[in-house]
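Numbering (mature numbering (1 follows the signal peptide of the UniProt record, and there is no 0)), first residue to last: -19 to -1, 1 to 754. All residues carry an ideal CB built from backbone N, CA and C; glycine is no exception.
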Amino acid sequence: MAVASAVVASAVVGSSAQARPTAVPALEAAPAAVVAAPKFGFQAIAPTRLYDSRSATKFGNGTVRAITAGGRGGIPTSGVGSVALNVTATQPTTGGWLKVWPAGQAAPSTSTVNFVRGATVANTVVVGVDSLERFNVGNYGGGSTHVIVDVTGWFPTGSGVTPLTPRRLLDTRGSGQIGAGQTRALTVTGNGVPTNALAVALTVTATRSSAASSWLTIYPYGATRPGTSSVNMGRGQTVANSLFATVGTGGRIQIYNAAGYTDVIVDITGYLSPTSGYVPLTPVRIVDTRAPYGDYYRSGWDFGDGFVGDRPAEFNVTQQRRGGTATVPFGPGAAVTNVTVTGSYQGGYLTVWPAEQAAPASSSLNYAARQTVANGAIVGSPLGGIQAQTGPEGLTHVIVDVSGYFPTDGVGLTTVVPRYLGYATGQDRIAVLFCAPSGAPALNRSAMVANLNGAVRTFYESLSRNRYTQTFTDVGAPVITTATKEECLNRSAARTQAAGYDGALSIWYQANEFGASGLAGPGYARGGSATYPSNQRDGVITSTSILKQGTPNAFFNVTDHELGHMLSWWHSYWDDGSGDEYNNVVDLMSGGHANSGGQGLPDSTVAVNRLMAGWIDPGQVRIHKTSGSTYTLAPIGVTGTQLLAVPSGRAGKFVAIDARVKSGYDQYLDKEGVTVHLVEQWSPNVGDYPDIRISPAKGPGDSVNHVLAPGQSMTLGSLTIRVGTKSAAGTFPVTVTGTSYNFPTLQSSPAGAASKQAPPAVTDDGRRPPRRE
């Protein structure tokens, strides 16, 4: 699948391409990736060049060109509402400005990029697209200029991110400049922007400033002014920056000018509603390499060194290094930032990108010697880390402010740990290799791969509602002679990563035809082209898990279980101290059904896993707030609410309620109704692997006491859950009395919290009985 983590703001002026690993000659090349369209949040992609006029002709004065985004760089050809662009003007013959707006509409009376003769200037913009997924770029001002357009992400239609035809909200050139230390309030709601908008997308321009150096700060009305900047300008300059501004009291924002007098122009280009999942903040400074700041400075140059140079320096937006409380929680899906360079003795460029990824062949902003320049950036920061690096020109100070973030799951239930590890929409291209002990009989490779592309792929397409699929390819490598499946996994994974696959599934010869097991997990510490944002998914299964050998069926439940681990799903189980992690009879990631009629066939998985994978939309999740409320829960495959969450009072800890009926892959369930699970997540310490525990709310293990049939109820502390009569469509009314349940801390595994030190591939070999009578 295409890499789904990137940075908004990626001008490529002066940057160099990054080399990719060469394929292993013995392996067949990976097939082309396919991307499905999720329904929420910012969908980051690897920065992709959409247009570069330097290979054609310049934009003359008044030239307008339509550019297509759909179908390029992993952007789907349908379901796209708006795209995030970095637009660069370079080699202009005179001063002027660029406009960017949706194709098929009249040009707005606003500007996106302002430039002077000979300068290279970039700005970020989120712009709507027409039905053909196109937008317009136009040049105005009298001269000609080259234009470069990079796309770095997109927002789905209906995601709660609504683009608008750019409209001017403020122009002080007709009402008086803003003086030094003065603040001006501006109403941003109304005229198509609802009063419940969380934030608005603005292009803010400072012009005709009298101070040698000054800045504007944009922040919510009613909030204390933060120590951040939004636009940096010098005397006589015209400087624009695009940003998401958090809406304050009365639908207003505030604009503060630090020094001198300046005119300010504000254009609105869109807004974010509560359904977007966006979490707005009063802007907070999280990186400032100038002493005595830099609380979040992490690595690269020595800690406390006041510069960023031509090797990566890493910062963490979620962890204070010198005390204090972090504003952004661990594991945000994408952080909305404003990046500023200042204090450089030479001109150059700065590139900003997510931690644990290779540097992209692009830049985020360009600057001249001793110039202070800012640009917006939405950084797909899976672990809360971002990296910054200059070109070869030298050192510069770097400042990063955060104004909000997009939770990975769209509702903020599972953002305490980096749930990007489980996010999976689109296609994973999985290489299949084969291992066997010395002297083992030949494996029926074609039959095994056919079953993977048949029964196994169909299961995940059904469970994800066709949002996720896999292609399994026998890469043609000779059988690897190994004594254990662990050795098989280690020897095969690196080869497939180099060949460009998203993951490796190795099949190890199993002599015992009545047993099946596996070992799997995401390659969280390695890069690689795969699902969101760069997970290398590795696993190994025994041959009995995919091809029947003297049994009525192959143990497909084991194969699907291990593939679940490759999506970073953990076991769910009732912890009775026995060490049995396979005793939840309604979950693929545990023991599964005891009904012998379904021998070897998989159950579905709990709704929390499907939410983390991106297969449940935010609109299908309800968060309980009012005692006595009744909800209608729909089972898998039925339109409606898929997950009801009851909070505990602590982030990442809640009661999860979903509906399951005897149909489809759940036809062999031991009991249908409403399942109740306890979910708890931990923020890891530095170097730890994040942990999540899902436990039946009632035991003992291997029971269905946590499944409520119509007419049944369950009491958890002061919380009571009662299930009504099942409808003809398979939905269940559920009434919840009480508001929360702060259950005792769940043990992460029978071994205790030590399992938080390693991924599932290390702590769990996926071994479980293929059936229980």
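> Do you know whose CA, among Q218, G698, W596 and I527, lies nearest Q352's CA?
Replying inline: Q218
> Is it a yes or a no for the stretch 593 to 603 touching the stretch 694 to 707, going by three-plus beta-carbon pairs under 8 Å?
Replying inline: no
> When the distance is taken between beta carbons, is A316 closer than 9 Å to G386?
Replying inline: It is Tyr, not Gly, that sits at residue 386 in the sequence shown. Taking 9 Å as the Cβ cut-off, Y386 and A316 qualify as a contacting pair.
> Which whole-angstrom value describes the C-beta separation of L66 and D131, a residue pair presumed to lie in contact below a C-beta threshold of 8 Å?
Replying inline: 7 Å
>> Pairs of beta-carbons, one from the stretch 83 to 100 and one from the stretch 168 to 178, closer than 8 Å: are there three or more?
In response: no
>> Quick check on the burial criterion: 16 or more other C-beta atoms within 10 angstroms. Buried or exposed for T620?
In response: exposed
> Thinking just about the alpha-carbon of each residue, which of G595, L486 and D651 is nearest to the one in F23?
Replying inline: G595
>> According to DSSP, simplified to helix, strand and coil, what is D409?
In response: Collapsing the DSSP output to three states places D409 in a strand.
> Which one or two residues does DSSP pair with R641 in a beta bridge?
Replying inline: G654
>> Does the stretch 108 to 123 come into contact with the stretch 36 to 50, if we say contact requires no fewer than three beta-carbon pairs (one atom in each stretch) closer than 8 Å?
In response: yes
> Smallest Cα separation from V688: which of V715, V460 and S191?
Replying inline: V715
> If you run the structure through DSSP and keep just helix, strand and coil, what is K707?
Replying inline: coil
> Can you give the Cα-Cα distance for D556 and Y563, rounded to whole angstroms?
Replying inline: 10 Å
>> By the DSSP assignment, the beta strand (DSSP E) with D152 in it spans what residues?
In response: V142 to D152
> Helix, strand or coil for A7 per DSSP?
Replying inline: The predicted model places A7 with a pLDDT of 33, which falls under 50 and marks its position as unreliable, so this point remains unresolved.
> Can you tell me whether Y326 is buried or exposed, with buried defined as 16 or more other CB within 10 angstroms of its CB?
Replying inline: exposed
> Based on Cα-Cα distance, which residue from E468, L624, P628 and A431 lies nearest to T607?
Replying inline: Nearest neighbour of T607 by Cα position, chosen from E468, L624, P628 and A431, turns out to be P628.
> Assuming residue 755 contacts T230 under a Cβ cut-off of 8 Å, what Cβ separation, rounded to an integer in Å, is found between them?
Replying inline: Any answer about residue 755 is impossible in this case: the structure gives the chain only from -19 up to 754.
> So, helix, strand or coil for P255, using DSSP?
Replying inline: helix
>> Within a Cβ cutoff of 6 Å, which residues of the same chain sit near R148, ignoring the five residues on either side of it in sequence?
In response: Around R148: I249.
> Can you check whether the CB of G60 is closer than 9 Å to the CB of T29?
Replying inline: no
> Hey, out of S140, L150, N95 and V106, whose CA is closest to T126's CA?
Replying inline: Of the candidates S140, L150, N95 and V106, N95 places its Cα closest to the Cα of T126.
> Going by the CB atoms, is the gap between V383 and A355 shorter than 9 Å?
Replying inline: no
> From G609 to V413, what distance separates their C-alpha atoms?
Replying inline: 52 Å
>> With a threshold of 7 Å on Cβ separation, who are the neighbours of D286 within its own chain once the five nearest residues in sequence on each side are excluded?
In response: A caution first: D286 carries a pLDDT of 49, below 50, which makes its placement in the model too unreliable to give a value.
>> For F713 and P677, which I take to be in contact (beta-carbon distance under 8 Å), what is that distance rounded to the nearest angstrom?
In response: Actually they are not in contact, since the Cβ atoms of F713 and P677 sit about 18 Å apart, beyond 8 Å.
>> Let's see if you can read the secondary structure: which residues bound the beta strand (DSSP E) around H378?
In response: H378 to F387
> Does DSSP put T512 in a helix, a strand or coil?
Replying inline: Note on T512: pLDDT 37, under 50, position unreliable in the model; the coordinate value appears next. Three-state DSSP puts T512 in coil, outside helix and strand.
>> Beta-carbon within less than 7 Å of Y237's beta-carbon, same chain only, minus the 5 sequence neighbours each way: which residues are those?
In response: T164, L197, T198 and R206
> Roughly how many whole angstroms lie between the Cα atoms of D541 and S445?
Replying inline: 13 Å
> Excluding the five sequence neighbours on either side, which residues of its own chain have a C-beta within less than 8 Å of the C-beta of T462, listed in chain order?
Replying inline: C416, A417, P418 and S419
>> Quick check on the DSSP output: the alpha helix (DSSP H) that includes A428 runs from which residue to which?
In response: Residues R426 to N432.
>> Whole angstroms are fine: how far does the CA of S344 sit from the CA of T371?
In response: 9 Å
> Does the beta-carbon distance from Y32 to G77 come in below 9 Å?
Replying inline: The answer is no: Cβ separation not under 9 Å.
>> Is the beta carbon of L151 closer than 9 Å to that of V220?
In response: no
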